[in-house]
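Here the first sequence is numbered in our numbering, starting from 2 and rising by one per residue.
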Amino acid sequence: MGRSPCCHKEGLNKGAWTADEDKLLSDYIKSRGGGKWGKVPKETGIKRCWKSCRLRWLNYLRPDIKRGNITHDEEDLIIRLHKLLGNRWSLIAGRLPGRTDNEIKNYWNTILAKRQQNNEKSSIARVVDEACRNPDMGYQHQ
DNA sequence: AAGTCACGCAACCGCTTTGAT
DNA sequence: AATCAAAGCGGTTGCGTGACT
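See the structure below:
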């Protein structure tokens, strides 16, 4: 049910985005706004499926995106939110202005890998432990 | 200096959910 | 109320880069 047919069309570009594609997408979203992703490839001429366009915008082109260097506070919040919400990356990202679900997911997977390697009580483990004991963890419902 | 390995990030794939008809 | 298409989400993969031997 409901599999998006656009992603099965042949002749679509794959892999890394070019500067031209970025500009087309960025200009389009700025002038028309997001939401109707199905129209984006047709109206911009970008040879990508709508999913790729959406992902590119959300994870890379959005003007309010912060990139790199997740702060200690942000890391702390991610860990606490993950404890509460599980792998609901989009929800977690919603609590972290300027961060994307993909970025947080990648970051978490990196942390997990490190934690598995260390397998010892790290600062993260301590934070998680602390989070368990303090339910009012300073995040806000919207 | 060259080759190999490991890590991190960007992008893709497929399933689920939501909205329109 | 049922069906279908569009959109959203999370897991996984592939590529590029840097560190190490």
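Cβ coordinates follow ideal geometry from the N, Cα and C atoms, glycine included.
Cα separation between G87 and R57?
Residue numbering aside, residue 87 sits at position 86 when the first sequence is read from its first letter. Residue numbering aside, residue 57 sits at position 56 when the first sequence is read from its first letter. Note on geometry: alpha-carbon atoms of G87 and R57 lie some 24 Å from one another.
DSSP state of R4, grouped into three classes?
The count along the first sequence starts at 1 and reaches residue 4 at position 3. At R4 the pLDDT is 35, less than 50, meaning the model places this residue with poor confidence and gives no usable figure here.
Looking at W38 and W51, is the spacing between their C-beta atoms short of 9 Å?
Mapped onto the first sequence, residue 51 falls at position 50. Mapped onto the first sequence, residue 38 falls at position 37. Yes, these two residues count as a Cβ contact at 9 Å.
Whole angstroms is fine: what's the gap from I112's alpha carbon to D77's?
On the first sequence, residue 112 is found 111 positions in, with the first residue counted as 1. On the first sequence, residue 77 is found 76 positions in, with the first residue counted as 1. Their backbone Cα atoms lie some 12 Å apart in a straight line.
Complete alpha helix (DSSP H) runs within the stretch 15 to 81 (minimum length 4 residues, chain order)
DSSP runs (the alpha helix (DSSP H)) wholly in the stretch 15 to 81: 20 to 33, 41 to 45, 51 to 57.
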